[in-house]
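Going by numbering that gives the first Met the number 0, the residue at position 159 of the sequence shown is 158; the numbering climbs one at a time, nothing skipped.
Where a beta carbon is used, it is the ideal one built from N, C-alpha and C, also for glycine.
Given the structure is predicted, the values throughout are model-derived calculations rather than measurements.
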Amino acid sequence: MLSKFSVKKPLTVFVAVILVMLMGVISFTNMQTDLLPSLDLPYVAVITAYPGASPEKVEQAVTKPLEKGLSTTSGIKEVQSISSENTSMVILQFADGTNMDSAMIDLSGKVDLVKGQLADGVSTPTLMKINPDMLPVMIAAVDADGQDAEALSQLVNETVLPAMERVGGVASVSATGVLEKEIQVTLDQQKIDALNDKMLAQIDAKLAQTKAQLNQGEAQIKAAQEKLDSESEAQAKQLADSAAQLSDGKAQLTQGLTYLDTTIAQTKAQREQLSTLRQSLQAFLDGGQQAGPEAEATLTALVQRLQDAGVLTQQEAQVLLAALGQQSGQLAQLLGEAVTKLDEGIAAADSGLRQMEAQRGPLADKLEALAPAESQLEAGKMLFAQKIAQAQGKLDATAQQLSQGRTQFEEAEKAAYQTAGLSGKLTPQTIQGILAAENFSMPAGSLTEKGEKYAVKVGDTFSSVEELAELELFTIDLEGIGTIKLSDVAEVAFADNRDEMYAKINGNDGILLTFQKQSAASTSQVSADIRAAMAQLQEEHSGLHLTALNDQGVYIDIVVQSVLQNLLMGGALAILIILLFLRNYRPTLAIAASIPISLLFAVALMYFSGVTLNIISLAGLALGVGMLVDNSIVVIENIYRLRGEGMSAAQAAVRGAAQVAGAIAASTLTTVCVFLPIVFTQGISRELFTDMGLTIAYSLVASLIVALTLVPALSSKLLRRPDQTKHRLFDRFVNWYARLLDKALSHRAAVLCGVVALLVVSGIGATQMGTAFIPESDTNQISVTVEMPPETTTAETRAMGDRVAAIVGDLPGVETVGAMEGGGMMSSGGSGSVSMYVILSEGKRPDSSHIAQQIKDATEGLPCEVTAQSSMGDMSSMGGSGLTVQIQGDDLGTLRRVGQEVAALMEGTEGTQDVEDGSEDPAYELRVSVDKNKAMGYGLTVAQVYQEVAAAIQSETTATTLSLEDGDYPIVVVKDPEAALSRATLGDHLLTVTKDGEETTIPLSDIAQISQEEGLSSIRHDGQVRTLSVSAQIDAEHNIGLVSRELQSKLDSYQPPAGYTVELVGQTETINSTLVELLKMVGLAIVLIYGIMVAQFQSLLSPFIVMFTIPLAFTGGLLALWLCGMEISVISMLGFLVLCGVVVNNGIVFVDYVNQLRLEGAPLRQALVETGVTRVRPILMTALTTILGLGTLALGIGSGADMLQPMAVVTIGGLAYATLLTLFVVPILYDLFHRRKKGGERMPAGGEEVEL
């Protein structure tokens, strides 16, 4: 056994103790200190940028596809998202125990699949694991007396940042608020307009000269055309007259000749007819003039022919025909006369023919003589026409040339006026391209000649601002213009961003420094080194102030200080208790030696198991300090008692330790095992409480080993002389207790009824107590936010920030006030808000919550909304803040309406303040709705309109970088501020279009409707469903648990629209879920404690008796919380959890000794009373050392003690009440359960006798 070995070989124990102490010291110096344990949180954020997109567009085009694609990833527990302007953030929560490295690989593959489905313009999604290490180890403010922003920025860049970056363990230092210089190339529209006027004047002069020449040529052509037309008209008239005369003569001759030809032809025909008639008439005469019908018919026909030929008249014909019937000589006579007439007619015809033939010859000669004249006239006409055509052709060619010249002139004139202006050429994009191309230097390779290698470098960069200003942009061949330089059209000068920055520290211009530590570095050490470097800088530079606004190392120092205080106090009280009870300094020395050895032993175990020094592990160590001496006290008290009974020091050491070894081992295990159920919890509870459980376990196991080894070894040497000290006062107390216990055993029912009644009362009271996650801790930091009304200008916001900062700075207890525009470093906010860090002074001052209320009261009358609350940089900020009601549904308008109704319910709930309905800080947008048909009429698409508008809105663009001796400066091309677009002028922006083949411009308002709309600044999803959160803070007079209970009853009676849900979440949900996890731990811990005691007692009944001390502890803990006015919190529940393992220790010691006495044959009542008398001193000693060890925490003494105060109050109240009643209730229950057994319960084998 350990005690026997330790007593026999004390030097071995001492060597082991020295080794343990060395390992503890080395481990402590090498241990890493952090604010929180290494938390592998199962969260991944997927961040995607979509420039220019509204929250609704981001939601539809980015967030929803990502949610749908990523939600199928293995291990996903919850999917939440925030769709803001330009950005989408999808937050994925995985199940506990998920391998996050594998999950990241899986997510990367899913993102690659979804990426192809995203709209054009969406950037590649970025995956980021959410980890507490992302938090800065420190945020500090820098300001200097009498220095403006530029001088302060130079000091920070040249001195402060290099010094801070040299601090060991610092990974990076980023500065916010540093004045950044750049070279601005600001296009000057007045200069451009002046050049345009010069160019237009020159072009007008040249165009006027050319136009005059064209006009003169056109006039000459017109005169020549008129002359040609006049001359051709006269010549044509003369030719026409000659042609008319010739034509008339020819016509007359032709007419005469034709008439003669006709007359001759007629005369010939008439003669032929007469000749034929004569032959026919002669033949009739020669025929003898026979009578008869045939002759009559022949004669009649001949007479008719003669009549037709005009030889005979009608009368003569009738006479001739009459003579035919008479057959007389008259017929022959008449026929002869007819023949004679025919001959005369033939003769006359021949005579006429001869005359006409004689006339026809001269006429034909004359007509033939006209042919040459006609040919000559036609030749004259052709020659005239040719000459006219040639002259006209020359005129037409000249006129065409002039016409082409006119057309070219008009086109050139139009093009000249269109391109003459420099506005189209001198855009920021054009200047950017020129500057980037001219500020160019690049190696082109190398040449080798005669063994020598020559590097070839092409180009050269600008060397000064002056050279940049003299850069030649264009050369225009116009008199008085020539080469256009950059300085001719723009102002080139240094500029800074002081108008964009607002950071003040105590009224001075300030700069914030954010420190990130290296992953392997100790937070506390890095923080201390940073503070040392800051102090050194302040010494070296008079007037320089560096103030830590947020320092993780401070909180670690607070807990370390609290642990040291508890160590010193616990050790001192333990020594005092031992001295009071034992009245001997020798056993006190053994207890005093066990404290540092146990602590260093625990630190060594922490180091080798990878537990870092953080707020959680140190809190566990602080809690364990009060119990470190318990085991040693039990052992030393028993050894001391046996030594007083006459045993030798060695025998008493071995026997005393052996008698209680099983009991204290079981007691230690019961305390340790209460944290074993942590492995069955989920979420942050497991991550946080593991380090606390291990730390407590290590400290108690170390104390157990020390109690069973070092204490017996020391006791065997220190207690060689028997103690002769009398303990009269304590003896009287023991006698009084013995009599009281005997009475209690006789009135068991009354005692038990009283105890049960008090338990019921405390349980009922617990239901009326409030709840909290982590109790508020008084810190030296307050966060203040100033919200201005909508439409407030930046200047007004900053002026109000200065005013509020001045008011806050004048309040008592305020040391530093740092203000910045917007939401600050770790939160969001718009340009209409100012965030402030308020650092309170050390020493005596009102607590932070009181000063926060003073800030609200002092700024109540200002035209702004001011919120102030303690800045919980420690554990007290982990549970969130205030009440949050989550509303889910599809339509944003309905969500906002429901949000307003829920906000009204919140405002009507007593205890709430600063209610926000989720629609604060709305996003304003100008929506340009393009009429597609109108736009297409001008050949424009919506995308083209977007490109034009986007280019017009872009006010500046970075072209290149100018490297000077004192640093590199970006060259930024900026539009003329006077030409910048505004809400009023957006519709007047001119778009270049082509209509009917001509290029022209139209205002944007011709094809688009411009409207101003108001929407949510961000759209949240929870479980891929739109979500709106309505929140409220709890005032100082009310508890969040009680207020949430009242609000929940109102929400239960509220009926949201169909398809919409309303749920109370936020801090209330965190509290409830964490308390449920802790209740599970308590229940499982009770089962484990019972199992350990069964193994210790080898009985099912004895552990059951001891288990009754747990409800006693709960009664005491609840009563202590109620008396101190505290609520049930996670920290107080930790106290109840610890109580489960601590309070049974006294019961175990009591029952174990009763069993030993009964095993030795003592009667039941006698064993109970004797055990009470014997064990009352160690029970009271261990209880008092634990209670007094936690006294500083319970009283809130020391920095950071208020955070752990509820746990100390519960532990003290529960342990005090349970200890008191354990001395009575455990004997009563033991007596009650064992009296019914005949002969008593069989006891396990006792311990062995020790011989030395």
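Same chain, Cβ closer than 6 Å to residue i, neighbours up to 5 away in sequence not counted
i, result
"Leu333", "Leu319, Ala322"
"Asp987", "Pro1002"
"Leu713", "Ala589"
"Arg1234", "none"
"Ile638", "Ala651, Ala652, Gly655, Ser714"
Rounded C-alpha distance that separates residue i from residue j
i, j, result
"Asp285", "Leu298", "13 Å"
"Phe493", "Asp965", "13 Å"
"Asp856", "Gln1054", "37 Å"
"Ala805", "Glu179", "27 Å"
"Ala573", "Asn630", "12 Å"
"Phe283", "Asp307", "18 Å"
"Tyr697", "Leu91", "36 Å"
"Asp809", "Gly881", "29 Å"
"Ser440", "Phe461", "10 Å"
"Glu465", "Met835", "42 Å"
"Phe1149", "Leu1214", "15 Å"
"Asp495", "Ala1031", "40 Å"
"Thr86", "Thr47", "6 Å"
"Ser1098", "Arg738", "29 Å"
Residues of its chain near residue i, where Cβ-Cβ distance is below 8 Å and the 5 sequence neighbours each way are ignored
i, result
"Gly1058", "Gly888, Asp889"
"Ser53", "Glu84, Ala922, Glu924, Gly1014"
"Ile1085", "Met1106, Ile1109, Cys1139"
"Ile263", "Leu352, Met355, Glu356, Arg359"
Per-residue burial, residue i [other beta carbons within 10 Å of its own, 16 or more giving buried]
i, result
"His746", "exposed"
"Leu35", "buried"
"Val16", "buried"
"Gln885", "buried"
"Asn932", "exposed"
"Asp550", "buried"
"Lys994", "exposed"
"Arg165", "exposed"
"Ser5", "buried"
"Val816", "buried"
"Asp459", "exposed"
"Val14", "exposed"
"Cys752", "exposed"
"Lys221", "exposed"
"Asp247", "exposed"
"Cys672", "buried"
Heavy atom of the ligand HEM within 7 Å of residue i beta-carbon
i, result
"Asp260", "Although the ligand HEM was asked about, the structure shown includes no ligands whatsoever."
7 Å Cβ shell around residue i - same chain, five flanking residues per side excluded
i, result
"Ala162", "Ala532, Leu536"
"Met825", "Note on Met825: pLDDT 41, under 50, position unreliable in the model; the coordinate value appears next. Around Met825: no qualifying Cβ."
"Gly379", "Leu238"
"Glu66", "Val78, Ser80, Val89, His1020, Gln1023"
"Ser241", "Leu376"
Local conformation of residue i per DSSP, three classes
i, result
"Asn1154", "helix"
"Val929", "strand"
"Gly808", "helix"
"Gly892", "helix"
"Val813", "strand"
Residues that DSSP places opposite residue i in a beta bridge
i, result
"Met127", "Ala44"
"Phe473", "Ile483"
"Phe93", "Ile75"
"Lys452", "Thr447"
"Pro442", "Lys456"
"Gln1011", "Leu925"
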